[in-house]
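Protein chains in written order, with the working numbering: chain A, 343 to 454; chain B, 462 to 577.
Everything below concerns the one structure shown next.
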């Protein structure tokens, strides 16, 4: 079945460091891919998405490229801030289903 | 507009007791979803309402879980009797009818359930 695997956390970085959170997926067909973020005490928020191969999603300085050849959707940011500290979830939605399939989440902690 | 509201934010109960979680979706959102995250694991889909009807309940773990959405407004998720493995965070999300793309799902902050 469909699944999402993302790197184990926690990830601890200093402010202005480069961030990569790896995400790979297993799915039939051509799923849509997403990154969600959960800041402390808040709900899940859509961070970015990509709906077809080679699409790049971007938002708030974060980017992820839909790579079908490697079935990956790694999240990157060139310079993290303390305010980026949160839990990040990679997710997919296949063409037929209505439900999102999430990874386990990666906790990011950024210190000044 | 108000977002998706869930309560309680945290509930601690003994094994065997009953707990009811509530979700108030955004007004006018006919799609309502329940998800659950068990500690350290994936967020998993539980079920999907369209108005008051259960569209997909394939993710409900067993018959100790009962979800309702009478009148097609708020929804409740009751766990009876609760077991230790039911501990986790229960998320609710809503979206407008006819819009199934995940980009318009609005999530609540979640209800944390701890079963002792």
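Glycine residues also receive a C-beta, built at the ideal position from the N, C-alpha and C atoms.
Computed from a predicted model, the values in this text were never measured in an experiment.
Give every residue of the same chain whose Cβ lies closer than 7 Å to the Cβ of residue i, excluding the five residues on either side of it in the sequence, and list them in chain order.
i                     : result
residue 547 (chain B) : 540, 574 and 576
residue 551 (chain B) : 482, 495, 497, 538, 571, 572 and 574
For residue i, which residues of its own chain have a beta-carbon under 6 Å away from its beta-carbon, when the five flanking residues on both sides are left out?
i                     : result
residue 379 (chain A) : 387, 389, 428 and 430
residue 348 (chain A) : 365, 432, 445 and 448
residue 506 (chain B) : 496 and 520
residue 393 (chain A) : 374
residue 376 (chain A) : 391 and 433
residue 361 (chain A) : 419 and 422
residue 437 (chain A) : 371
residue 382 (chain A) : none
Which residues in chain A sit within 7 Å of residue i, going by Cβ to Cβ distance?
i                     : result
residue 503 (chain B) : 444, 445 and 446
To the nearest angstrom, report how far apart residue i and residue j are at their CA atoms.
i                     : j                     : result
residue 359 (chain A) : residue 421 (chain A) : 5 Å
residue 569 (chain B) : residue 485 (chain B) : 9 Å
residue 418 (chain A) : residue 499 (chain B) : 26 Å
residue 543 (chain B) : residue 528 (chain B) : 14 Å
residue 554 (chain B) : residue 566 (chain B) : 6 Å
residue 556 (chain B) : residue 535 (chain B) : 13 Å
residue 478 (chain B) : residue 523 (chain B) : 16 Å
residue 472 (chain B) : residue 395 (chain A) : 42 Å
residue 441 (chain A) : residue 509 (chain B) : 8 Å
residue 411 (chain A) : residue 443 (chain A) : 20 Å
residue 369 (chain A) : residue 345 (chain A) : 7 Å
Name, please, each residue of chain A whose Cβ falls closer than 9 Å to the Cβ of residue i.
i                     : result
residue 465 (chain B) : 385
residue 509 (chain B) : 440 and 441
residue 569 (chain B) : 385 and 386
For residue i and chain B, any beta-carbon pair shorter than 8 Å?
i                     : result
residue 428 (chain A) : no
residue 362 (chain A) : no
residue 407 (chain A) : no
Ordered along the chain, which non-local residues of its own chain (more than five positions away) have a Cβ less than 8 Å from that of residue i?
i                     : result
residue 451 (chain A) : 352, 353, 354, 355 and 427
residue 525 (chain B) : 540, 541, 542, 543, 544 and 547
residue 424 (chain A) : 357, 452, 453 and 454
Residue i touches chain B at which residues, Cβ-Cβ below 9 Å?
i                     : result
residue 404 (chain A) : Neighbours of residue 404 (chain A) on chain B: none; closest Cβ ~15 Å, over 9 Å.
Anything in chain B within Cβ reach of residue i, meaning under 8 Å, just list it in chain order.
i                     : result
residue 415 (chain A) : Under the 8 Å cutoff, chain B gives no residues; its nearest Cβ is about 14 Å from residue 415 (chain A).
For residue i, decide whether its Cβ has a neighbour in chain A, counting only Cβ atoms nearer than 8 Å.
i                     : result
residue 491 (chain B) : no
residue 517 (chain B) : yes
residue 533 (chain B) : no
residue 526 (chain B) : no
residue 468 (chain B) : no
residue 543 (chain B) : no
residue 520 (chain B) : yes
residue 477 (chain B) : no
Run through chain A and tell me which residues come within less than 8 Å of residue i, C-beta to C-beta.
i                     : result
residue 506 (chain B) : 441, 442 and 443
**Message:** Does the contact criterion of 3 or more C-beta pairs under 8 Å hold for the region 389–406 of chain A versus the region 462–471 of chain B?
**Reply:** Touching, no, given that fewer than three Cβ pairs across the two stretches are closer than 8 Å.
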